[in-house]
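All residue numbers for the sequence shown refer to UniProt numbering, where the first residue is 1 and numbers rise by one.
Where is the CB? At the ideal position from N, CA and C, for every residue including glycine.
On a predicted model such as this, the values are computed, not experimentally measured, just so you know.
Notes follow once the structure below has been shown.
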Amino acid sequence: MEDKIIWNYSDVGMYSVKSGYFVARKLLGRDNPLIDTRPPIWRMIWQAEVQPKVKFFIWRLVWGIIPGKQILKNRGIDIEINCDVYNGVENSLLHTFFHCPFSQMVWRLCCPWLLQFVANWQGTSLWPDIFSKACNLHRLSKIIHPSPVLRTRLPTQWSPPSGINVKGMSSRDEELDPTTLKVINFGRDSITLPKFLALPPLKSLHLDRFSMTKMCFKPGDFSTCPNLETLKLTNINFGEDKTLCINAPKLKRLELSVYGYLNRGHDFKVVIDAPELKTLRYHANHTVLCSFGDLAFIDDVYFSMYNRYPWGYDEDEEEDEWFDMPFDQYREYVLHCINTFKKFRHAKSLTLPWDTVRALSLFPSLLDENRLPFPNLKRLKIDGQSDIDDVDIPGCVLNFFLNSFTMLKLTVLM
1 MEDKIIWNYS DVGMYSVKSG YFVARKLLGR DNPLIDTRPP IWRMIWQAEV QPKVKFFIWR
61 LVWGIIPGKQ ILKNRGIDIE INCDVYNGVE NSLLHTFFHC PFSQMVWRLC CPWLLQFVAN
121 WQGTSLWPDI FSKACNLHRL SKIIHPSPVL RTRLPTQWSP PSGINVKGMS SRDEELDPTT
181 LKVINFGRDS ITLPKFLALP PLKSLHLDRF SMTKMCFKPG DFSTCPNLET LKLTNINFGE
241 DKTLCINAPK LKRLELSVYG YLNRGHDFKV VIDAPELKTL RYHANHTVLC SFGDLAFIDD
301 VYFSMYNRYP WGYDEDEEED EWFDMPFDQY REYVLHCINT FKKFRHAKSL TLPWDTVRAL
361 SLFPSLLDEN RLPFPNLKRL KIDGQSDIDD VDIPGCVLNF FLNSFTMLKL TVLM
């Protein structure tokens with residue numbers, strides 16, 4: 001039998017990092033304390049039900065070895081110690097996590113008691129005291145595991161991923177505004193958001209370039225944002241989910257744009273329940289079907305219909321491969337959009353992009369058969385294109401909107 005090297009400091013004769021750690025402590029002349037006598041904070045950290053990288057991060061934070069600016073300065077690195085978020089002095093990790101106004105805003109949203117505890121603390125071991133207090137309040141998960149608020153805002157305080165910009169304030173000299181959150185992505189890839197946004201004070205939210213997947217944020221779940229009034233979702237990728245449902249009872253303004261490649265043959269839908277909605281701006285580059293609840297307070301609407309057929313197309317002609325759906329199927333889509341206009345019947349101002357005018361003009365019989373009253377409409381705007389010299393608006397389109405009154409202000413935007 002071949003000889004084997006045996007590690008004498010473990011029961012199974014094999015080396016492990018744990019056994020090597022205790023051997024190293026003996027070589028350094030340090031005692032190995034019994035498990036029962038060890039500080040309970042370590043047990044709280046290592047037994048927490050979070051990812052290992054989170055445990056390791058908290059462990060380094062408690063030991064004070066995270067490379068903050070002041071620590072790097074003490075190691076001889078020439079670096080400015082001004083806080084990148086609020087332009088204050090980042091003299092310790094306490095500033096980064098508790099004293100910076102931006103961090104304080106995050107804690108107010110996800111763990112309000114913590115700031116008062118830190119302000120009144122007079123002990124010698126802050127982190128063990130915080131963890132002990134959190135356990136007594138049964139709020140340890142709020143400390144160990146970053147809430148969706150913290151994960152959403154951390155990219156501004158730490159180095160953000162390439163192309164991601166998170167904004168929650170207007171300037172460094174002004175008070176931070178916890179009612180506004182903007183997540184803008186200037187890169188190519190979709191951003192990953194937490195599943196839930198627990199932001200009760202939030203009134204304005206702008207999310208750009210994100211995918212709707214089972215593991216990602218559901219943009220329709222605003223039950224934890226009960227005061228949301230302005231919502232802007234741009235460059236949405238439906239991903240695995242085919243239906244976007246938005247339920248926001250206090251929403252006043254909604255801007256929604258769907259871009260990117262959507263698989264053929266899939267029915268994508270947008271279902272919006274916002275009874276207090278006043279302003280709507282909608283644009284999609286695919287035949288996405290829209291469904292709205294009662295919009296009794298709607299005032300201003302910009303509605304873009306997907307137009308895949310060229311100007312002057314004759315349905316008797318042979319369809320080109322360039323078209324991404326049969327003409328009859330596209331006709332059903334246009335009919336659906338015409339019925340969608342019923343929800344806008346209370347609007348005072350209606351803006352139609354040039355593609356919408358073209359799409360409607362392809363089916364004059366549908367317009368004649370489904371005329372709708374717009375008793376409050378005072379202004380009809382046609383959003384033209386810069387490369388169009390002459391604007392010829394078909395009479396069937398004008399008659400569709402002009403049937404309820406004798407006076408209407410028509411504006412052509414070029």
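Sorted by chain position, which residues of the same chain lie with C-beta nearer than 7 Å to residue 337's C-beta, five sequence neighbours on each side aside?
305
Please state if the CB of residue 279 and the CB of residue 252 are separated by a distance shorter than 8 Å.
Note that the C-beta distance between residue 252 and residue 279 is below 8 Å.
Residue 262: buried (16+ other C-beta within 10 angstroms of its C-beta) or exposed?
Residue placement at residue 262 is poorly supported in this model, since its pLDDT is 47, which falls under 50; the coordinates still yield a value, given next. Burial call: buried.
Who are residue 353's beta bridge partners in DSSP?
Residue 353 is bridged to 383.
Limits of the unbroken alpha helix (DSSP H) element including residue 26
17 to 27
In terms of alpha-carbon separation, which member of 49, 91, 290, 6 lies closest to residue 64?
91
Let's test the definition: count the other Cβ atoms within 10 Å of the Cβ of residue 351 and tell me whether it reaches 16, buried, or not, exposed.
buried
Between which two residues does the alpha helix (DSSP H) harbouring residue 336 extend?
327 to 340
Which same chain residues, not among the five before or five after residue 432, have their C-beta less than 7 Å away from its C-beta?
This structure cannot speak to residue 432, because the chain is shown only from 1 to 414.
For residue 131 and residue 117, the rounded distance between their alpha carbons:
Distance between the alpha carbons of residue 117 and residue 131 is about 11 Å.
Secondary structure at residue 96, three-state DSSP: helix, strand or coil?
helix
Considering just the uninterrupted stretch of the alpha helix (DSSP H) at residue 400, what are its terminal residues?
Residues 395 to 402.
Between residue 108 and chain C, is there a C-beta pair that is closer than 8 Å?
Within the model displayed, chain C is absent; a lone protein chain is all it includes.
Proximity to residue 348 [Cα-Cα], best of 328, 392, 402, 25:
Checking every option, the nearest Cα to that of residue 348 belongs to 402.
Between which residues of its own chain and residue 133 is the CB-CB distance below 7 Å, once the five residues before and five after are set aside?
117
Excluding the five sequence neighbours on either side, which residues of its own chain have a C-beta within less than 8 Å of the C-beta of residue 31, listed in chain order?
25
Would you please state the rounded distance, in angstroms, between the beta carbons of residue 344 and residue 301? I believe it to be under 8 Å.
5 Å
Pick from 283, 271, 15: whose alpha carbon is nearest that of residue 295?
Shortest Cα-Cα distance from residue 295 to any of 283, 271, 15 involves 271.
For residue 205, is the classification buried or exposed, using 16 other Cβ atoms within 10 angstroms of its Cβ as the cut-off for buried?
buried
Option nearest residue 353 by Cα separation, candidates 125, 11, 382
382
Distance, Cα to Cα, residue 427 vs residue 230?
Outside the modelled stretch of the chain, which goes from 1 to 414, sits residue 427, for which no answer is possible.
Rounded to whole angstroms, what is the Cα-Cα separation between residue 120 and residue 276?
43 Å
Where the beta strand (DSSP E) containing residue 12 begins and where it ends:
No beta strand (DSSP E) holds residue 12; DSSP gives it neither H nor E.
Nearest-angstrom Cα distance between residue 76 and residue 96?
20 Å
Among residues of its own chain, excluding the 5 on either side of residue 7, which ones have a beta-carbon nearer than 6 Å to its beta-carbon?
For residue 7, where only same-chain residues beyond five positions count, the Cβ hits under 6 Å are 13, 14, 15.
Separation of residue 235 from residue 62, as counted between CA atoms
Rounded to the nearest angstrom, the two C-alpha atoms are 40 Å apart.
With burial defined as no fewer than 16 other Cβ atoms inside 10 Å of the residue's Cβ, what is the status of residue 58: buried or exposed?
By the beta-carbon neighbour count (other beta carbons within 10 angstroms, threshold 16), residue 58 is buried.
Residue 301: first and last residue of the uninterrupted beta strand (DSSP E) it sits in
300 to 303
Residue environment, residue 297, which counts as buried when at least 16 other CB atoms sit within 10 Å
exposed
Need the endpoints of the beta strand (DSSP E) that residue 208 sits in, please.
Where residue 208 is concerned, the enclosing beta strand (DSSP E) stretches over 204 to 208.
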